[in-house]
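Report on one structure; see the data block that follows.
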Amino acid sequence: MDVFGAALLDYQKGKYTEDIATYSSLDEHDTMPLPYLFRAYKDMPPIEHQALQLCIGNILDIGCGAGSHSLHLQQKGFTVTALDYSKGAIETCQLRGIKNCIHSDIYDFKDEKFDTLLLLMNGIGVVGKLQQLDRFFKHLKTLLTPNGQILLDSSDIIYMFDEDEDGGRWLPATTNYYGEVTFTLAYKSKKSKPFSWLYIDPNTLKNAANANQLNCEIVRKGEHFDYLARLTL
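Under the numbering used here, the first residue of the sequence shown is numbered 126, with each subsequent residue one higher.
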């Protein structure tokens, strides 16, 4: 059930009455405000500003959502393709005037090359599990031109775990990486199936990138454990 897409379409069509509720394996209940997903460039955080300023050439916006980043880039004269697994998200992007929209799973999208692969709002989260990162990077490399780049932001969610007296963190007794979170979305009477989402710390990202013959540069750090990274072949 495309809960995310249904909410985006409602907002786009002027039927906004409530936000998306999110439930996570971190025992957190939160909301995802729909107006924020439709924000203009001036309302985006500094990390997103810098990512959009670093974009070059032909751009693929992976996990485009409501298309706010794609729309800005298109208005700046770039050739940009908005891609999302959510059918409702792609319909929303089309209604907003984004010219090139693709409804597809990233792994099913092939045979095109881009100068910039853009994954914002923790777009790398779509990987789900840390062990899937090699597969993900291997596929992204097939979509890159020789001098292309991957721009992504994420957060190190270590801060969400209790701190001990020595400044360390109490992590759950599990073999899973602490940045692997399971989410469920709810909107009106609709509820999604649980899905995995990955938050990755900068050092783990660098190690995974290097293992896949990718250079990884941390371009900017945010105010709360978030960061922007640039990966190149």
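Note that the Cβ used here is the ideal one computed from N, Cα and C, for glycine as well.
For residue i and residue j, what's the separation of their Cα atoms in angstroms?
i      : j      : result
ARG355 : ARG164 : 23 Å
LYS316 : TYR284 : 28 Å
ASP155 : THR270 : 39 Å
GLN219 : CYS226 : 7 Å
ALA214 : LEU265 : 21 Å
ARG221 : LYS235 : 25 Å
ALA333 : LEU258 : 7 Å
LEU268 : CYS180 : 15 Å
ASN340 : VAL205 : 24 Å
GLY273 : LYS331 : 18 Å
LEU326 : SER211 : Reading off the sequence, residue 326 comes out as Asp, not Leu. Distance between the alpha carbons of ASP326 and SER211: 26 Å.
Who are the near neighbours of residue i in its chain, counting only those whose CB is closer than 7 Å to its CB and skipping five residues on each side?
i      : result
ASP135 : TYR141
ALA132 : ILE145, LEU159 and TYR312
ILE172 : ASP278, ARG345, GLY347, ASP351 and LEU353
GLY188 : ASP209, LEU244, GLY248 and VAL251
TYR302 : LEU255
GLU305 : LYS254, LEU255, SER321 and LEU323
SER150 : VAL306 and THR307
Quick one: is residue i buried, meaning 16 or more other Cβ sit within 10 Å of its Cβ, or exposed?
i      : result
HIS194 : buried
MET126 : exposed
GLY190 : buried
TYR232 : exposed
TYR161 : exposed
GLN338 : exposed
GLY130 : buried
Between which two residues does the beta strand (DSSP E) holding residue i run?
i      : result
ASN225 : 225-228
LYS346 : 340-346
Ordered along the chain, which non-local residues of its own chain (more than five positions away) have a Cβ less than 6 Å from that of residue i?
i      : result
PHE203 : ILE184
TYR166 : HIS197
THR82  : There is no way to answer for residue 82, as the model of the chain reaches only from 126 to 358.
GLN178 : none
Following the continuous alpha helix (DSSP H) through residue i, name the residue where it begins and the one where it ends.
i      : result
THR217 : 212-220
TYR136 : 128-137
LEU330 : 327-336
Who are the Cβ neighbours of residue i in its own chain at under 8 Å, not counting the five residues just before and after it?
i      : result
LYS238 : ASN183, LEU268, LEU269, THR270 and GLY273
Task: Those runs of the alpha helix (DSSP H) which lie wholly inside the stretch 241-323 and span at least 4 residues - done: Runs found: 258-267.
TODO: Entirely within the stretch 158-197 and at least 3 residues each: give me those beta strand (DSSP E) ranges in chain order.
DONE: Taken in chain order, the whole beta strand (DSSP E) runs of length 3 or more contained in the stretch 158-197 are 184-187.
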